[in-house]
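**Student:** As numbered in our numbering, residues 765 to 1099 make up the sequence shown, in order.
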Amino acid sequence: AAGAAPSRAAPPAAEPPATPTTPAAAPEPAPPEPAAPEPVSPEPAALVPAPAKLVPSLPAVGDGKAPAVVFAALADPDTGDWELDVTDFSGLDVAALERDRTAAMRRESTGRGALEAGSSLLPAGFAVGDPWTLVTAAGAEHHTAAGFRSLLGDGSGTLHLYVRLGKAPAGTEAPALAFRGHLPPSTTLAGAPPQAPAAVGPGVLAQVARALEPRLEPGQRDIVARRPLVDADVKLYAGRFPGGRTHAVFVMAEIAGDMDPPISAVAFLEADGRATVQATPTLPGTVEYLALLDVDGDGLDEVFYEDDYHEGWSVEMIQWDGSTPRPRTVTGDGL
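1. Only counting runs of 3 or more residues, tell me where the beta strand (DSSP E) segments fall wholly within the stretch 895-967, in order along the chain.
2. Using DSSP with H/G/I as helix, E/B as strand and the rest coil, what is Arg871?
3. To the nearest whole angstrom, what separates the beta carbons of Leu947 and Leu818, a pair I think is in contact under 8 Å?
4. With DSSP collapsed to three states, give me the class of Leu969.
5. Grouping DSSP H, G and I as helix and E and B as strand, with all else coil, what is Val819?
6. What residue does the beta strand (DSSP E) around Asp986 start on, and which one ends it?
7. To the nearest angstrom, how far is the alpha carbon of Pro887 from that of Arg1090?
8. For the putative contact between Met1141 and Leu916, defined by C-beta atoms under 8 Å, what is the C-beta separation to the nearest angstrom?
9. Tell me which residues share the same chain as Gly844 and place their Cβ nearer than 8 Å to its Cβ, disregarding the 5 neighbours each side in the sequence.
10. Closest to Gly903 by C-alpha separation, out of Pro978, Asp827, Thr951, would be which residue?
11. Roughly how far, in whole angstroms, is the beta-carbon of Leu993 from the beta-carbon of Gln959, given that I think they are within contact range, below 8 Å?
12. I want to know whether the stretch 939-946 touches the stretch 966-984 - three or more CB-CB distances under 8 Å.
13. Determine the DSSP secondary structure at Arg1090, reduced to helix, strand or coil.
14. Hey, which unbroken runs of the beta strand (DSSP E) at 3 residues or more fall wholly within the stretch 1043-1083?
15. So who's on the other strand from Arg1009, going by DSSP bridges?
16. Just to confirm, is the Cβ distance from Val1051 to Phe1068 under 8 Å?
17. In angstroms, rounded to a whole number, what distance separates the CA positions of Pro831 and Ala1017?
18. Under 7 Å Cβ to Cβ from Asp849, same chain only, skipping five residues before and after it: list those, please.
19. Closest by CA to Gly882, which one among Gly1076, Gly911, Arg990, Ser854?
20. From the DSSP output, in three-state form, read off Glu977 for me.
21. Which first and last residues belong to the beta strand (DSSP E) in which Lys999 is found?
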C-alpha cells in the first residue's frame, strides 16, 4: 500500500562506475618544412689558375654560321692514333662530302673512309700540317694533322670527319679536348679534386637528392625510395661559375642488384646551399665528369662531361650565356 515501509531496508544505491573519458585525438602534426639549406663556401684556394684564352671566343649555342672552336679527340682502338672526331660543321660547306659518304655507305664499301690530303671533299680549314693541341689531365700535347677520313654513323647517319694526329699513349681511353694551334704546354684538365657532399657543407646531399627527384623516371623513384642517395654517389667540383654557383655536381648511383643503368645526373650547387639539376643522360645511361676548363678566358669554367648510353655516346660542354648554362655537343654519335 502506499506509504507502507518495506519489510527490509534496501541498501543504498551504488554509485555508477566512472566512465573513463578518452581525450579527443590531437590533430596530426603538419609535416616539417624542409630545412633551409646551409650556405656553402666555395674553396677558391683549390682552384687551378685560369689559363690564357684557348679560343678567341665561344660561338653562341645554336649559331649555325660560326665554326666550332672546341673539339674532342679519341684514341683509335685499331691504329692507336689520336683522331680528332668532328661532328659540328657549323659555318662549313660539307654537302659534297656528305653526298659522297652517303653513296659510299649505300655501296657498303666505306672501309675506313680515307680522304686524300688535297681532296676537294675536305671542308675549308682542314689540311695536312695544321697545328693542333690536345689537352688532357697530363697537360697539353702538340700535334699536326697527318691525314683524314670520313664516315657516316651506321644507325644515326651522323657525318664524322676524323683528323689523324699521331700516336696516343698506350692504354689511352679517355677523350682529350682539342684546340687549333699550339697552345701553352702548361694547359691541363687537372682541376680541383672532387669533394663529397659532407665535406662541402651540411645538408648538401639532401639538397641534391631533392633537386634530382623530379627528374627521375617512376621506376628510379622507387629505387631511390628503397635506397636513398649516399655521399659515395655524389661528387662535387669547385669551379668559377656565374649566378652564385659554387660547384658542379655529378651523381652516379649504382644500385646493387638493379639491372638498369645507374641513376646519374649533372647539377650545380649554389652558395645558398640549393642545388639545380642541369642534365640527365640522353637515354637511360650515365653522365660522367670529364673536365672544368675556361676555354675563352672570361674567368668562368666551362663544364665538360661524357654522356654514355646504350645506343650512343657524346662529349658535352656546358658554356655560359650570361649566367644561363647552355649545353653543346662537342662530338659523338647515337640514335
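Even glycine gets a Cβ: it sits at the ideal position worked out from N, Cα and C.
**Tutor:** According to the structure shown:
1. The stretch 895-967 contains these whole beta strand (DSSP E) runs: 895-900, 903-908, 911-916, 923-931, 940-944.
2. Coil at Arg871, not helix or strand.
3. Right, their Cβ atoms sit about 6 Å apart.
4. Of the three classes helix, strand and coil, the one that applies to Leu969 here is helix, per DSSP.
5. The answer is coil: DSSP assigns Val819 none of H, G, I, E or B.
6. Taken as a continuous stretch (DSSP letters only), Asp986 belongs to no beta strand (DSSP E), being part of the alpha helix (DSSP H) at 982-990.
7. Each residue's Cα considered, the two are about 27 Å apart.
8. With the chain represented from 765 up to 1099, any question about residue 1141 goes unanswered, as that position is not in the structure.
9. Excluding residues within five positions, the ones whose Cβ falls inside 8 Å are Lys931, Ala932, Ala934.
10. Per the Cα distances, Thr951.
11. Under the criterion of beta carbons closer than 8 Å, Leu993 and Gln959 do not qualify as touching, at roughly 15 Å.
12. In short, these stretches do not touch, since the Cβ pair count stays below three.
13. In this structure, Arg1090 counts as strand in the three-state DSSP scheme.
14. DSSP runs (the beta strand (DSSP E)) wholly in the stretch 1043-1083: 1049-1057, 1066-1073.
15. Glu1034.
16. With contacts defined by Cβ atoms closer than 8 Å, Val1051 and Phe1068 do not form a contacting pair.
17. So the two alpha carbons sit approximately 37 Å from each other.
18. Result list for Asp849: Ala836, Ala837, Leu838, His924, Tyr926, Thr1095, in chain order.
19. Taking each of Gly1076, Gly911, Arg990, Ser854 in turn and checking the Cα distance to Gly882, the smallest one comes out for Gly911.
20. Under the three-state reduction of DSSP output, Glu977 falls in the helix class.
21. Counting along the chain, the beta strand (DSSP E) containing Lys999 begins and ends at 998-1002.
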